[in-house]
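Protein chains in written order, with my numbering: chain A, 256 to 456; chain B, 256 to 456. Reviewing the structure listed below.
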């Protein structure tokens, strides 16, 4: 019995979005399932001292160019969103609440739709009305979701999930853990495939 | 007439070393030549605020693991060196002097040998005696090289080269520029190949 693959991502991360369009198919090809974990890079960056990519001198402008080129290279629909980046706590906690109340499959469908809303349709996923519009498309009670995303239990779970993720070494997005083997970045997906095929590299 | 590919690397960068084992063959496959440019990441990091990978919390230990795994995945000889990282000014200026006095081909052969000395044989390339031993294997006058690496003209050229590189957007190692298109990282070599084949992505 193989363990699920752990997939960590921040809703404001372009490379996390790219990975979200491929991770399930990659896992399924090798008979594996995926557990999706929203994380908050802002919290991680307090420990690692990193800054959001576009704010880094010289590297920032390159990154914006690389987002576009990498999307084209992999044939993934993508439009640079505005504002970028943005706070993703509400989106992450909304997903946790959907997971808790409607199950993992619906939470993953919700997460994919949130990513599309931001990186394809250019909608501001920091706004409650964007998230509720996404929820309604999945027959999720929007008012209940907003209340749930903001209740103390969900906030506590988000905090605990972040501590667990960082204790497992998660420091970026996307971050994938297969059989305790950590992979950072969409550009490690080929190495992930080798690992899934052979159980080692 | 196509322009040479510009290849920027720091002698203490594992991913730069990995790239150095592949860049010439990749370019030759598409009828292109490569200009090798040693850079000093320490200078760049003063502008970008970055730190050497092993010193970054959480990301540091992952990086050491990723160096090893990436070397195995690409079947590149590699042994984590000690000390790591180290100052590469002397190695970089020695290469510039070799280029100036013995031509680009010998300078590239020298650079590849310096990388092997550090990342395969575990020799300390900060020490003059390591660099002179490498030079002697190429019939380069070791004493002249050391003097040349430390003269004001070479120091001035190094400074100018760094300013030029940063003005072109170089912020990491390896960094490759093809027809003004910038690529950062050994994990962009497949995109570089697509660019060389098609002239766009």
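Virtual Cβ for every residue (Gly too), placed ideally from N, Cα, C.
Chain B contact for residue i (CB, 9 Å cutoff)
i: residue 421(A); result: yes
i: residue 442(A); result: yes
i: residue 446(A); result: yes
i: residue 449(A); result: yes
Burial state of residue i, where buried means 16 or more other Cβ atoms lie within 10 Å
i: residue 325(B); result: buried
i: residue 295(B); result: buried
i: residue 338(B); result: exposed
i: residue 292(B); result: buried
i: residue 382(A); result: exposed
Extent of the continuous alpha helix (DSSP H) to which residue i belongs
i: residue 447(A); result: 444 to 453
i: residue 269(B); result: 269 to 275
i: residue 319(B); result: 314 to 329
i: residue 403(B); result: 397 to 404
i: residue 383(B); result: 383 to 391
Short CB-CB distance (under 9 Å) between residue i and chain A
i: residue 456(B); result: yes
i: residue 426(B); result: yes
i: residue 332(B); result: no
i: residue 437(B); result: yes
i: residue 409(B); result: no
Which of helix, strand or coil DSSP assigns to residue i
i: residue 416(B); result: helix
i: residue 285(B); result: coil
i: residue 260(A); result: strand
i: residue 357(B); result: helix
i: residue 374(B); result: helix
i: residue 432(A); result: strand
i: residue 309(A); result: helix
i: residue 338(B); result: coil
i: residue 293(A); result: strand
i: residue 304(A); result: coil
i: residue 462(B); result: Examination of residue 462(B) is not possible in this model, given that chain B is present from 256 through 456 alone.
i: residue 197(A); result: Here chain A has residues from 256 to 456 only, and residue 197(A) is not among them.
i: residue 380(B); result: coil
i: residue 426(A); result: coil
Start and end residues, beta strand (DSSP E) containing residue i
i: residue 438(A); result: 436 to 439
Beta carbons nearer than 8 Å to chain B: which residues of the segment 310 to 330 of chain A have them?
So the list reads 311, 312, 313, 314, 316, 317, 320, 321, 324, 325, 327 and 328, given in the order they occur along the chain.
Using Cβ-Cβ distances below 9 Å, what residues of the segment 346 to 372 of chain A are close to chain B?
Going along the segment 346 to 372 of chain A in chain order, one finds no residue with a Cβ nearer than 9 Å to chain B.
Taking a Cβ distance cut-off of 8 Å, strictly less, list which residues of the segment 270 to 289 of chain B are near chain A, in chain order.
For the segment 270 to 289 of chain B, the set of residues with a beta-carbon nearer than 8 Å to any beta-carbon of chain A is empty.
Contact list for the segment 294 to 305 of chain B against chain A, Cβ threshold 8 Å:
Listed in sequence order: 299, 302, 303, 304 and 305.
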